[in-house]
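Engineer: Dumping the structure here so I can ask a few things about it.
Chains as they are written, first to last, in my numbering: chain G, 718 to 783; chain R, 126 to 462.
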C-alpha cells in the first residue's frame, strides 16, 4: 500500500503498525507526536493503530537542545 | 516610553500603538540564555518588553561563541555567568526594558520563586528535566509558556496555555532520560535553524501579548528535509499534569540536586538551601593546595579531577566529570556540604 510520511510518499506493508513505522524512523513514541490524516492521535492508541492505504502521517519530534 | 523609537513595529498591522503599550507592560521570564536564549533576549529587549528576567546557570565558554549571539571573547575569557553578561549587553539596546539577571538554575525549589510574577515564561533551556518543572509550575499557576527546542538543523516551538492548549505532558509522555535524545553537544546546532524557530515562537508570543490569542499549533522547521510544518496540538484526555493535576516534578522535591549538563563533561550542583558561601575564605583555604582564581562573579579551582566553578550562592559547576554522584563527592570533598 501507499502512505505519505512527513510529506514523502512511500510504500508500506499492508496494515503496518504505527509502532513499526516509528521504529523505522528511529523515533521514540514517548517524544513523538503523531498526526494521522490531519488529526493528532491520543497517545493511548499508539500501540493499537494500524495504517491504511492512502494514509497521511506527520511525525512531530520534540528536541531538547537550546 | 518614547513611541517614535518603535515606529516600524507600530506600523505592523497586528501591533499599533495599543499593541506597543501592551508589550511595554508585559513581564517575561526567560529561562536559559544560550543559543535560543540569546535570540529571544535580543528580540524581546528591542521590541520593548517592559520587564525581562534572565535566568541561566551556566558560564560563557569559548565554544559558545559560534552560536550564542549575545556573548563575546571578553565574556569567555572571564568565564562570566551568562545571565550577568547577557544583562550587560542587553541594557544599552533599550533603556525601556528593565532587565533582571539571575545566575541560578530552575529547580523544583527555585521555579516558584522566579517564575510566578510574570505574564509569560519563555523556555530556552537545553534539557527536558527543567522543561517539565516549568510545565508543572505553569499549569499549577495558570501561566502561559513558550516551549522551543533546537538540535542540528531542526527546531520546534509551541505556546502552551494551560487548560486551553495541550501542555508539555500531553505532548511528551515523560521526560526522556539523558542520552535518549540527540543534543546540541552531540549533533551541533545550526544558528539559522534557531533563528527561524524563534521567529515562529516570537510570532506566537506577540499574538498572545497583543491580542490574547493562542493557536495551539506546533511549528517545526527542518533545514535538512527542507520542510516546515504546522500541526494543531491536542490535549490528552487523561494528562497527568493538566487534567489530573499531579505536579510530581515540583511537589515534594528538594535537592542538593546534581544534574549532568548533556555531553559536556560538566555537572551542575545546586545546594538544598541557597546558602551564601564565603568565596575569599574558600579561596584562601584551597589555594594552599590548588591553583585558585577569583573573578568578580565566581571562584575557579583547578583540582586533579578537573575544575570547579563555585558561585557565591553555593552553586557549583564541576568540569571534567559526567557522573553526578562523583561530582557530588568532589563537591563535598573540596567545598564541603
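Ideal Cβ positions, reconstructed from N, Cα and C, are used throughout, including at glycine.
(1) Report the three-state DSSP secondary structure of residue 741 of chain G (helix, strand or coil).
(2) At what residue ranges does the stretch 261–299 of chain R contain a whole run of the alpha helix (DSSP H), taking only runs of 4 or more?
(3) Closer than 8 Å by C-beta to residue 218 of chain R: which residues in its own chain qualify, once you throw out the five before and the five after it? Chain order, please.
(4) Which value, in whole angstroms, describes the spacing of the CA atoms of residue 179 of chain R and residue 357 of chain R?
(5) Under the rule that 16 or more other beta-carbon atoms within 10 Å means buried, what is residue 413 of chain R, buried or exposed?
(6) Is DSSP giving residue 418 of chain R helix, strand or coil here?
(7) Name, going along the chain, the residues of the stretch 265–281 of chain R whose beta-carbon falls closer than 9 Å to a beta-carbon of chain G.
(8) For residue 416 of chain R, which option in R/422, R/410, R/427 has the closest C-alpha, if you only look at C-alpha atoms?
(9) Taking beta-carbon pairs under 9 Å, can you tell me which members of the stretch 743–776 of chain G lie near chain R?
(10) What residues in its chain sit with their C-beta under 8 Å from that of residue 423 of chain R, if we drop five residues either side in the sequence?
(11) For residue 308 of chain R versus residue 782 of chain G, is the C-beta spacing smaller than 8 Å?
(12) Can you tell me which of R/160, R/201, R/230, R/409 puts its alpha carbon nearest to the alpha carbon of residue 395 of chain R?
(13) Does the beta-carbon distance from residue 334 of chain R to residue 190 of chain R come in below 8 Å?
(14) Counting along the chain, where does the beta strand (DSSP E) carrying residue 177 of chain R start and finish?
(15) Express the C-alpha separation of residue 259 of chain R and residue 238 of chain R in angstroms, rounding to a whole number.
(16) Along chain R, in chain order, which residues have C-beta atoms closer than 9 Å to that of residue 723 of chain G?
(17) With DSSP as the reference, please indicate the residues paired to residue 311 of chain R in a beta bridge.
(18) For residue 311 of chain R, is the beta carbon positioned less than 7 Å from some heavy atom of the ligand GDP?
(19) Would you say residue 251 of chain R lies against chain G (beta-carbon separation less than 8 Å)?
(20) Taking only beta-carbon atoms, is residue 157 of chain R less than 8 Å away from chain G?
(21) Expressed to the nearest angstrom, what Euclidean distance is found between the alpha-carbon atoms of residue 227 of chain R and residue 742 of chain G?
(22) Which chain G residues sit within Cβ distance under 8 Å of residue 299 of chain R?
(23) Run through DSSP, which three-state label would residue 157 of chain R get?
(24) What's the call for residue 138 of chain R, buried or exposed, on a 16-neighbour Cβ count within 10 Å?
(25) What residues in its chain sit with their C-beta under 6 Å from that of residue 391 of chain R, if we drop five residues either side in the sequence?
(26) Using a Cβ cut-off of 7 Å, pull out every chain G residue sitting near residue 296 of chain R, in sequence order please.
(27) In the DSSP output, which residue or residues are listed as bridge partners for residue 728 of chain G?
(28) Rounded to whole angstroms, what's the CA-CA distance from residue 539 of chain R to residue 731 of chain G? Just pull it up for me.
(29) Find the residues of chain G that neighbour residue 427 of chain R, judging by a C-beta separation of less than 8 Å, and give them in chain order.
(30) Kindly give me the distance between the Cβ atoms of residue 261 of chain R and residue 384 of chain R, rounded to whole angstroms, as I take these residues to be in contact under 8 Å.
(31) Let me make sure I understand the geometry here. Which of R/421, R/420, R/393, R/429 has the alpha-carbon closest to that of residue 450 of chain R?
(32) Less than 8 Å between the C-beta atoms of residue 747 of chain G and residue 371 of chain R, yes or no?
(33) Listed from N- to C-terminal order along the chain, which residues in the stretch 318–344 of chain R have their beta-carbon within a distance smaller than 7 Å of any beta-carbon of chain G?
(34) For residue 767 of chain G, collect the residues of the same chain with a Cβ closer than 8 Å to its Cβ; drop the 5 residues on either side in sequence, then sort them by chain order.
(35) Between residue 306 of chain R and chain G, is any beta-carbon pair separated by less than 8 Å?
(36) Within its chain, find whatever has a CB closer than 8 Å to the CB of residue 151 of chain R; leave out the 5 residues flanking it on each side and keep chain order.
Structural biologist: By the coordinates alone:
(1) Taking the first residue of the first chain as 1, we reach residue 741 of chain G at position 24. Note: residue 741 of chain G maps to helix in three-state DSSP.
(2) 293–296
(3) Position 93 of the second chain holds residue 218 of chain R. Hits under 8 Å: 167, 170, 171.
(4) Working through the second chain from its first residue, we reach residue 179 of chain R at position 54. Working through the second chain from its first residue, we reach residue 357 of chain R at position 232. Going from the Cα of residue 179 of chain R to the Cα of residue 357 of chain R covers about 30 Å.
(5) The residue given as residue 413 of chain R occupies position 288 in the second chain. Under this definition residue 413 of chain R is an exposed residue.
(6) Taking the second chain and counting its residues from 1, one reaches residue 418 of chain R at position 293. Note: residue 418 of chain R maps to strand in three-state DSSP.
(7) 272, 273, 274, 275, 276, 277, 279, 280, 281
(8) Translated into positions along the second chain, residue 416 of chain R becomes position 291. Selected option, being the one with the closest Cα: R/427.
(9) 745, 746, 747, 748, 749, 750, 752, 755, 756, 757, 758, 759, 760, 761, 775
(10) For the purposes of this step, residue 423 of chain R is taken as the residue at position 298 of the second chain. 184, 204, 206, 404, 434, 435, 436, 437.
(11) As a position in the second chain, residue 308 of chain R is number 183, starting the count at 1. As a position in the first chain, residue 782 of chain G is number 65, starting the count at 1. Contact flag set, yes.
(12) Within the second chain, the letter at position 270 stands for residue 395 of chain R. Closest by alpha carbon: R/230.
(13) As a working note, residue 334 of chain R is residue 209 in the second chain. As a working note, residue 190 of chain R is residue 65 in the second chain. No; because the gap between Cβ atoms is not below 8 Å, this pair is not in contact.
(14) Within the second chain, numbered from 1, the residue matching residue 177 of chain R stands at position 52. Looking at the DSSP string, the run of the beta strand (DSSP E) that includes residue 177 of chain R is 176–180.
(15) Reading the second chain from its first residue, position 113 is the one you call residue 238 of chain R. Reading the second chain from its first residue, position 134 is the one you call residue 259 of chain R. Distance between the alpha carbons of residue 238 of chain R and residue 259 of chain R: 12 Å.
(16) For the purposes of this step, residue 723 of chain G is taken as residue 6 along the first chain, with counting starting at 1. Going along chain R in sequence order, the residues near residue 723 of chain G (Cβ under 9 Å) are 347, 350, 352, 354.
(17) As a first step, residue 311 of chain R must be located in the second chain, where it is residue number 186. Answer is none; residue 311 of chain R lacks a bridge partner.
(18) Within the structure as shown, the ligand GDP is missing, as the structure has no ligands at all.
(19) On the second chain, position 126 is the one that residue 251 of chain R refers to. It does; some Cβ of chain G falls within 8 Å.
(20) Taking the second chain and counting its residues from 1, the one referred to as residue 157 of chain R is at position 32. Yes - at least one Cβ of chain G is within 8 Å of the one on residue 157 of chain R.
(21) The count along the second chain starts at 1 and reaches residue 227 of chain R at position 102. The count along the first chain starts at 1 and reaches residue 742 of chain G at position 25. C-alpha separation (whole angstroms): 40 Å.
(22) Within the second chain, residue 299 of chain R is the residue found at index 174, counting from 1. Within chain G, the residues near residue 299 of chain R are 747.
(23) As a working note, residue 157 of chain R is residue 32 in the second chain. Reduced to three states, the DSSP call for residue 157 of chain R is coil.
(24) Along the second chain, read from residue 1 onward, the residue named residue 138 of chain R stands at position 13. By the 10 Å Cβ count, residue 138 of chain R comes out exposed.
(25) One-based indexing of the second chain puts residue 391 of chain R at position 266. Result list for residue 391 of chain R: 442, 444, in chain order.
(26) Mapped onto the second chain, residue 296 of chain R falls at position 171. Here the neighbours are 750, 779.
(27) Within the first chain, residue 728 of chain G is the residue found at index 11, counting from 1. BP columns for residue 728 of chain G point to G/719.
(28) For residue 539 of chain R there is no data in the structure shown, the boundaries of chain R being 126 and 462.
(29) The sequence position of residue 427 of chain R within the second chain is 302, counting from 1. Within chain G, no residue comes near residue 427 of chain R; the closest Cβ sits about 29 Å away, beyond 8 Å.
(30) Residue mapping note: residue 261 of chain R aligns to position 136 of the second chain, counting from 1. Residue mapping note: residue 384 of chain R aligns to position 259 of the second chain, counting from 1. Not confirmed; about 16 Å, so no contact.
(31) As a first step, residue 450 of chain R is located in the second chain; it is residue number 325 there, counting from the start. When each option's Cα is compared against that of residue 450 of chain R, the closest is R/393.
(32) Locating residue 747 of chain G in the first chain gives position 30, counting from the first residue. Locating residue 371 of chain R in the second chain gives position 246, counting from the first residue. Taking 8 Å as the Cβ cut-off, residue 747 of chain G and residue 371 of chain R do not qualify as a contacting pair.
(33) 343
(34) In the first chain, counting from the first residue as 1, residue 767 of chain G sits at position 50. So the list reads 732, 733, 734, 735, once near-sequence residues are dropped.
(35) Counting from 1 along the second chain, the entry for residue 306 of chain R is found at position 181. Chain G, which has a Cβ nearer than 8 Å to the Cβ of residue 306 of chain R, makes this yes.
(36) What you label residue 151 of chain R is simply residue 26 of the second chain in a count that begins at 1. Once the five neighbours on either side are set aside, the close Cβ partners of residue 151 of chain R are 174, 175, 176, 244, 245, 334.
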